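> Okay, so the sequence shown: first residue is 6 according to the working numbering, each after it adds one. No residue lacks a Cβ here, since even glycine has one placed at the ideal position from N, Cα and C. The structure displayed is predicted, hence computed values, not measured ones.
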Amino acid sequence: MEIIKAEISHADLVGKVHSRAWMQAYKDLFPTEYLNQESALKRKEEFLNAQNEHTHYFLIMEDGICAGLFKFVIYDGICELSSIYILKEHCHKGYGTACINYIKTQYPQYRIVLWTLEENLSARNFYEKNHFYYTGNRRVIDRGREYIQVQYAL
6 MEIIKAEISH
16 ADLVGKVHSR
26 AWMQAYKDLF
36 PTEYLNQESA
46 LKRKEEFLNA
56 QNEHTHYFLI
66 MEDGICAGLF
76 KFVIYDGICE
86 LSSIYILKEH
96 CHKGYGTACI
106 NYIKTQYPQY
116 RIVLWTLEEN
126 LSARNFYEKN
136 HFYYTGNRRV
146 IDRGREYIQV
156 QYAL
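Written as structure tokens, this is what we have:
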């Protein structure tokens, strides 16, 4: 497994993998109408519009195939992990933990925080197994209906 920084030349790949893995992750949580608004083009444009010194995308590569990606934003001494998406066929192989370990070793000066859906118990269990703790912070988001997100930190 190799973790590589996503470059402009990876824009199509980022769009495809991000969109597909996102839809797989939320298919049982978000309404179908909301999921159907997702597209590889939308995620590609999001990636291209996020080219700045604070936002970082990385690809998880295995034998030349992209198994997933992760994204974080750095600000005020914080590294906010906004995405870890692994394609379903590559889940449970340690890639998610590798992403977290990569951030911890490459960006040790930052406090890592993230938001996840309160009802996404598999994600919450994953973060807790990786030593994240629930901060007590909550917020409401709209994804076709209102959802509560909870914040974790490391």
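What is the C-beta distance between Met28 and Leu40, in whole angstroms, given that I count them as a contact (C-beta under 8 Å)?
Along the sequence shown, one-based indexing puts residue 28 at 23. Along the sequence shown, one-based indexing puts residue 40 at 35. The distance from the Cβ of Met28 to that of Leu40 is about 6 Å, consistent with a contact at the 8 Å cut-off.
> Note down, in chain order, each residue of its chain lying with its Cβ closer than 7 Å to the Cβ of Arg129, except the 5 sequence neighbours on either side.
Locating residue 129 in the sequence shown gives position 124, counting from the first residue. Answer for Arg129: Thr121, listed in chain order.
> Can you tell me which of the three DSSP states Ser87 falls into?
By one-based count along the sequence shown, residue 87 stands at place 82. Strand, per DSSP.
> Taking the continuous beta strand (DSSP E) assigned at Ile13, which residues delimit it?
Start at 1 with the first residue of the sequence shown, and residue 13 comes out as number 8. No beta strand (DSSP E) contains Ile13, which DSSP labels as neither H nor E.
> Considering only the beta carbon of each residue, do Cys71 and Leu34 sit closer than 8 Å?
Reading the sequence shown from its first residue, position 66 is the one you call residue 71. Reading the sequence shown from its first residue, position 29 is the one you call residue 34. No; because the gap between Cβ atoms is not below 8 Å, this pair is not in contact.
> List the endpoints of the continuous beta strand (DSSP E) containing Tyr112.
Numbered from 1 along the sequence shown, position 107 holds the residue referred to as residue 112. First-last for Tyr112: undefined, no H or E at that position.
> What three-state label does DSSP hand Ala72 in the structure shown?
The count along the sequence shown starts at 1 and reaches residue 72 at position 67. Strand, per DSSP.
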